[in-house]
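See structure below.
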Amino acid sequence: METTMPRRPHLNLFNPDPVITKKSSFMLFPQFPVEIRLLIWKHALHRHRMIHIVLEKGGKQQRHDDDESNGLLNSLGRRVTGYHYKAIIDTRRPLLPDIMRVNREARDAVLSFYSTQLPCRFRPDKQSERTSVIHLNLDWDYLRVSYGKAHNIFFDFIHDLHAHDPKGRGLQHLVIEEPDYQTSVYNPSPPKRTFAEGPSLDAFRTTAVKDLKSLWFKCTPRGARALNVLDWRRVHVFNYGVPVFPSFTFFDAPVPDPRVGIARDLKKIGVSLHDPREGPLGWRVLLRDAGLRPEDMTTRGQVRDLDVRIMYASSEEDAVRNREDAARVLHEEDFRWLELQWWFHGWDTPAAGGRGGGNRPAGCFSTASGLQAKRPEFDGPEVLAAAPRPALGFWLFPVEAFGEIPGEEEEEEASSWLKVKWIWDLSSHRPELALADLC
1 METTMPRRPH LNLFNPDPVI TKKSSFMLFP QFPVEIRLLI WKHALHRHRM IHIVLEKGGK
61 QQRHDDDESN GLLNSLGRRV TGYHYKAIID TRRPLLPDIM RVNREARDAV LSFYSTQLPC
121 RFRPDKQSER TSVIHLNLDW DYLRVSYGKA HNIFFDFIHD LHAHDPKGRG LQHLVIEEPD
181 YQTSVYNPSP PKRTFAEGPS LDAFRTTAVK DLKSLWFKCT PRGARALNVL DWRRVHVFNY
241 GVPVFPSFTF FDAPVPDPRV GIARDLKKIG VSLHDPREGP LGWRVLLRDA GLRPEDMTTR
301 GQVRDLDVRI MYASSEEDAV RNREDAARVL HEEDFRWLEL QWWFHGWDTP AAGGRGGGNR
361 PAGCFSTASG LQAKRPEFDG PEVLAAAPRP ALGFWLFPVE AFGEIPGEEE EEEASSWLKV
421 KWIWDLSSHR PELALADLC
């Protein structure tokens with residue numbers, strides 16, 4: 001017997017359903033001149049992607065030194081650092097657009113648009129890998145790079161990415177992973193790192209002070225929508241407007257969040273283990289260790305416009321890969337929150353069918369709230385009707401929304417101003433919302 005989820009209108013996704021738009025057709029398209037068709041194909045490809053690349057040591061293969069006789073040349077005749085590291089990409093989600101499969105003309109347009117060919121390892125699951133090439137357009141693609149603390153491999157990757165780019169510009173949009181820079185609270189004054197001079201370090205410096213257009217720091221804690229007083233102490237609220245961060249490739253350009261009602265949620269934004277400012281702080285320290293000044297990032301002569309922001313969402317990356325997953329996860333999250341309210345007010349479990357109470361009250365000394373068992377108060381129809389619909393994607397905030405980052409002389413006292421498991425009031429900032437494209 002087929003089961004359906006209960007109707008909860010406030011859980012309907014804000015993201016447009018791409019299936020509806022894909023049903024449309026334009027029968028006259030093949031009759032257009034080839035020049036017009038190519039312009040339309042190219043316009044359809046103007047979409048952002050977020051590609052997650054994990055850098056790992058490559059095992060037996062060693063890094064080639066900088067001597068020309070030992071260097072390696074790629075297909076463009078440019079020198080690369082070698083095969084001492086692997087660039088691993090999860091291929092459980094599509095990496096190229098659907099129009100790749102329409103016909104040869106569309107396929108050629110796609111491959112021309114994604115002109116950078118980066119050697120990599122595709123990982124379709126946790127047990128297998130295969131050598132391949134990923135096609136990139138560095139003007140449109142945001143590379144989410146995970147490398148732990150292996151900065152030298154990161155520098156080599158930036159060097160090699162530049163070498164594989166036919167336009168010779170390299171990395172334009174970088175998304176930094178949370179764990180790669182979270183050291184400040186626990187080690188507020190780490191020793192200065194020393195990096196070997198050479199082409200890779202030069203490539204990093206050039207990218208940081210000249211090429212980079214976007215630098216986003218990813219802050220996507222799990223459970224950032226349901227903030228209960230047992231975990232957070234100071235708040236007990238469900239933030240309906242906080243976006244859900246799924247597993248995705250394509251996303252829309254960020255725009256000011258158009259949803260009505262997010263102001264309520266912005267007053268109580270929770271970040272669990274790490275202060276979002278640790279990422280920008282760690283990046284600033286890395287720049288200095290690489291021989292740069294942080295202020296070099298913000299001025300390219302008089303015209304540099306570097307987009308530095310913090311991404312924020314509630315992570316469900318392992319659980320949500322399509323709209324069906326999202327519907328299931330959102331309903332489960334909603335049910336757990338309702339169940340918690342019954343338990344918190346003294347009832348073991350909610351009764352079947354939503355009848356008041358559960359099997360028995362736990363008693364005033366056993367309830368989570370320390371109160372006599374009573375019927376909990378839920379968000380009523382008026383609250384749910386005004387609640388913003390859940391969005392798959394992420395918010396973007398300016399770094400200063402989470403507070404000032406002190407100067408260099410105060411970095412050694414970072415443990416005194418960085419906050420762990422903190423609640424921020426971001427209501428003075430209207431975030432931009434980037435919607436993930438999921439079918």
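For the sequence shown, position 330 (counting from the first letter as 1) is numbered 330 according to the working numbering, and the numbering increases by one without interruption. In this text, a Cβ means the ideal position worked out from N, Cα and C, and glycines have one as well. Because the structure is a prediction, the values reported are computed rather than measured.
Can you check whether the C-beta of residue i is within less than 9 Å of a C-beta belonging to chain D?
i: L266; result: Note that chain D does not occur in the displayed structure, where there is just one protein chain.
Using a Cβ-Cβ cutoff of less than 6 Å, which residues in the same chain neighbour residue i once the five nearest sequence positions on both sides are dropped?
i: L266; result: L426 and S427
i: N137; result: F113 and Y114
i: T220; result: F245, A313 and S315
i: G301; result: In this prediction, G301 scores a pLDDT of 48, lower than 50, which makes its location untrustworthy; the coordinate-derived value is nonetheless stated afterwards. Excluding sequence neighbours, G301 sits near nothing in its chain.
i: H162; result: G170 and A203
i: D275; result: L418 and K419
i: R107; result: M100
Which residues mark the beginning and the end of the alpha helix (DSSP H) in which residue i is found?
i: I99; result: I99 -> no alpha helix (DSSP H), and no H or E assigned at all.
i: T206; result: P199 to T206
i: V175; result: Here V175 belongs to no alpha helix (DSSP H); instead the beta strand (DSSP E) covers H173 to I176.
i: K42; result: V34 to A44
i: P280; result: E278 to D289
i: V383; result: P381 to A386
i: R104; result: R104 to F113
i: D231; result: V229 to W232
i: D442; result: Beyond the ends of the chain as shown, which are 1 and 439, falls residue 442; an answer cannot be given.
Among the residues of its own chain, which have a CB less than 7 Å from the CB of residue i, if the five just before and after it don't count?
i: I262; result: G241 and P388
i: C439; result: P18, V19, N322 and R323
i: D90; result: H52 and R123
i: E290; result: Correcting the residue identity first, residue 290 is Ala in this sequence and not Glu. Cβ neighbours of A290 beyond the five flanking positions: F195, L201, F204 and R205.
i: E56; result: Y85, K86 and I88
i: E68; result: Below a pLDDT of 50, predicted positions are generally treated as unreliable, and E68, at 48, falls in that range; the measurement from the model is reported next regardless. Answer for E68: no residue qualifies.
Where residue i and residue j are concerned, what is the direct C-alpha to C-alpha distance, given to the nearest angstrom?
i: E35; j: I99; result: 17 Å
i: L273; j: F14; result: 29 Å
i: E442; j: W422; result: What is shown of the chain runs 1 to 439, which leaves residue 442 out entirely.
i: S146; j: P9; result: 37 Å
i: R336; j: L392; result: 20 Å
i: L433; j: L72; result: 42 Å
i: N359; j: D334; result: At N359, the pLDDT of 48 sits below 50, so the modelled position is not reliable; the number obtained from the coordinates is stated separately. If you take the alpha carbons of N359 and D334, they lie about 21 Å apart.
i: V255; j: M311; result: 13 Å
i: R169; j: P294; result: 21 Å
i: D125; j: V54; result: 14 Å
i: F26; j: L111; result: 23 Å
i: A253; j: A44; result: 14 Å
i: Q127; j: F378; result: 45 Å
i: A326; j: A226; result: 16 Å
i: R259; j: A386; result: 10 Å
i: N12; j: R79; result: 51 Å
i: G270; j: R47; result: 31 Å
i: K218; j: P30; result: 43 Å
i: A401; j: P94; result: 34 Å
i: F157; j: G198; result: 14 Å
i: L230; j: P406; result: 32 Å
i: E105; j: L28; result: 16 Å
i: E339; j: H331; result: 12 Å
i: G279; j: F32; result: 50 Å
Would you give the residue range spanned by the beta strand (DSSP E) that residue i belongs to?
i: I269; result: I269 to V271
i: S247; result: No beta strand (DSSP E) holds S247; DSSP gives it neither H nor E.
i: L433; result: E432 to L435
i: D141; result: D141 to S146
i: R92; result: Neither: R92 is in no beta strand (DSSP E) and is coded neither H nor E.
i: I262; result: Segment I262 to L266 is the alpha helix (DSSP H) holding I262; no beta strand (DSSP E) there.
i: E129; result: S128 to L136
i: C219; result: S214 to C219
i: L396; result: G393 to P398
i: C439; result: Looking at the DSSP string, C439 is not in any beta strand (DSSP E), and its letter there is neither H nor E.
Measuring CA to CA, which of the options is closest to residue i?
i: R430; options: L396, F122 and P406; result: L396
i: D318; options: E56, P30, I40 and R92; result: R92
i: V175; options: Y83, R144, F204 and L418; result: R144
i: D257; options: L435, P33 and N12; result: L435
i: A224; options: G380, V237 and L118; result: V237
i: M50; options: Q172, A44, L38 and R328; result: Q172
i: P398; options: P390, L330, R277 and V320; result: R277
i: R234; options: P243, K42 and K268; result: K268
i: R424; options: N239, D296 and H331; result: First, the amino acid is wrong: residue 424 is Trp here, not Arg. Checked all of N239, D296 and H331; the closest Cα to W424 is N239.
i: V383; options: Q341, W41 and R264; result: R264
i: W216; options: F394, E408, R37 and I40; result: F394
i: G148; options: E129, E178 and R37; result: E178
i: P440; options: P16, T81, A109 and I40; result: Only positions 1 to 439 of the chain appear in this structure, which leaves residue 440 out of reach.
Using a Cβ-Cβ cut-off of 8 Å (strictly less than) and excluding sequence neighbours within five positions of residue i, which residues of its own chain qualify?
i: P166; result: L76, S115 and T116
i: L292; result: R205, A208 and V209
Please determine if the stretch 271–289 and the stretch 129–144 are in contact, where contact requires at least 3 C-beta pairs separated by less than 8 Å. no
Okay, do the stretch 149–158 and the stretch 245–257 touch, 3+ Cβ pairs below 8 Å being the bar? no
Specify whether the stretch 306–317 and the stretch 201–219 touch according to this definition: at least 3 beta carbon pairs, one from each stretch, less than 8 Å apart. yes
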